[in-house]
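Scroll down for the structure; my scribbles are underneath it.
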Amino acid sequence: MSILNLGLQNVALARKPCDENEEKLLGQCYSMAEIKEKSVKHPNLKQAWEDAIEDVTATLACKFSRLKL
Numbered sequence: 028m029s030i031l032n033l034g035l036q037n038v039a040l041a042r043k044p045c046d047e048n049e050e051k052l053l054g055q056c057y058s059m060a061e062i063k064e065k066s067v068k069h070p071n072l073k074q075a076w077e078d079a080i081e082d083v084t085a086t087l088a089c090k091f092s093r094l095k096l
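Heads up: the sequence shown is residues 28 to 96, going by my numbering.
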């Protein structure tokens, strides 16, 4: 098993919900590419997405920074 998998054991990840409009737009996306495409037409979507995954990104950075071979 890779060291990254070991580092993620017993870790639950969930993003914060966005506003209703952004959640509706994100609900139509099934990949990061689709989120990027939607953010061209809806400029607020990018910032809302970044705010929503900020805690997840911080959690992963903390977990991965403590891993050693």
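We put the beta carbon where it would ideally sit given N, CA and C, even for glycine.
Proximity winner among the options, relative to residue i (alpha-carbon distances)
{"i": "Val-38", "options": "Lys-90, Lys-51 and Leu-94", "result": "Lys-90"}
{"i": "Pro-70", "options": "Ser-92, Leu-87 and Leu-52", "result": "Leu-52"}
{"i": "Glu-77", "options": "Gln-36, Glu-50 and Ser-29", "result": "Glu-50"}
C-beta atoms of residue i and residue j nearer than 7 Å
{"i": "Cys-45", "j": "Ala-75", "result": "yes"}
{"i": "Lys-63", "j": "Leu-72", "result": "no"}
{"i": "Val-83", "j": "Leu-40", "result": "yes"}
{"i": "Leu-96", "j": "Gly-34", "result": "no"}
Distance between beta carbons of residue j and residue i, contact taken as under 8 Å
{"i": "Ala-85", "j": "Arg-42", "result": "Contact flag wrong, Cβ pair sits at about 12 Å."}
Those runs of the alpha helix (DSSP H) which lie wholly inside the region 41–93 and span at least 4 residues: 47–54, 59–68, 70–79 and 81–92
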